[in-house]
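S.K.: Every number in my numbering is 7 more than the matching position in the sequence shown, counting from 1.
Cβ atoms here follow ideal geometry from the backbone N, Cα and C, with glycine treated the same way.
Please find one structure pasted underneath; my questions will follow.
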Amino acid sequence: MVDTAKFRAILEQRRDELTERLREIDEALDSHQSKDWEELATEREGDEVLERMGSSGKAEIAKIQAALQRMDEGEFGYCVSCGDEIAEERLDVVPHTPFCHNCADKRG
Ligand SMILES: [Zn+2]
8 MVDTAKFRAI LEQRRDELTE RLREIDEALD SHQSKDWEEL ATEREGDEVL
58 ERMGSSGKAE IAKIQAALQR MDEGEFGYCV SCGDEIAEER LDVVPHTPFC
108 HNCADKRG
């Protein structure tokens, strides 16, 4: 049986960090609206990096929300694919994972 309270704290903290980072990314992107062209060209590359960071952050938040929901349903720590318990060492590394080691391997 996994210590859900421990992982809830980890997941909530991670979600808050990501939410904060996404807010900063949005602000950085917004602040690039009224610049001259030369500056814009340089910033455009930076913006693409920011946008990539933003979308990977959003994807991670979605996985964290799903993990918190499984927690509310008492299913956290069990593989959504085969139903086996997920090893705690694995959750320590990827707390939001919905898959046990075997199923994650199968998915590549
Ligand atoms: Zn599994």
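(1) Bridge partners for Glu92 per DSSP, in chain order?
(2) Around the C-beta of Cys89, are 16 or more other C-beta atoms found within 10 angstroms, so that it is buried, or is it exposed?
(3) Are the Cβ atoms of Gly81 and Ile93 separated by less than 8 Å?
(4) When you measure from the CB of Ser38 to every non-hydrogen atom of ligand 1, does any distance come out below 7 Å?
(5) Report, in whole angstroms, the separation of the C-beta atoms of Leu29 and Lys70, which I expect to be a contact under 8 Å.
(6) Hey, how far is the Cα of Met78 from the Cα of Arg22?
(7) Pick out whichever of Ala73, Gln20, Gln72, Leu36 has its Cα sitting closest to the Cα of Glu55.
(8) Can you determine whether any heavy atom of ligand 1 sits closer than 7 Å to the C-beta of Asp91, and answer yes or no?
(9) Name the two residues that bound the continuous alpha helix (DSSP H) containing Cys110.
(10) Of the choices Asp112, His103, Cys86, whose alpha-carbon is the least far from that of Ala16?
(11) So, is the C-beta of Met78 closer than 8 Å to a C-beta in chain B?
M.R.: Put simply:
(1) The secondary-structure analysis by DSSP pairs Glu92 across a beta bridge with Tyr85.
(2) Flag for Cys89 reads exposed.
(3) Against a cut-off of 8 Å, the Cβ pair of Ile93 and Gly81 comes out as no contact.
(4) Answer for Ser38: no, Cβ out of range of ligand 1.
(5) In this structure Leu29 is not in contact with Lys70, their Cβ atoms being roughly 14 Å apart against a cut-off of 8 Å.
(6) Straight-line Cα distance between these residues: approximately 15 Å.
(7) It is Leu36 whose Cα lies nearest to the Cα of Glu55.
(8) Yes.
(9) 108 to 114 is the span of the alpha helix (DSSP H), which, as asked, contains Cys110.
(10) Measuring from the Cα of Ala16, the nearest candidate turns out to be His103.
(11) The question asks about chain B, but that chain is absent: this structure has only one protein chain.
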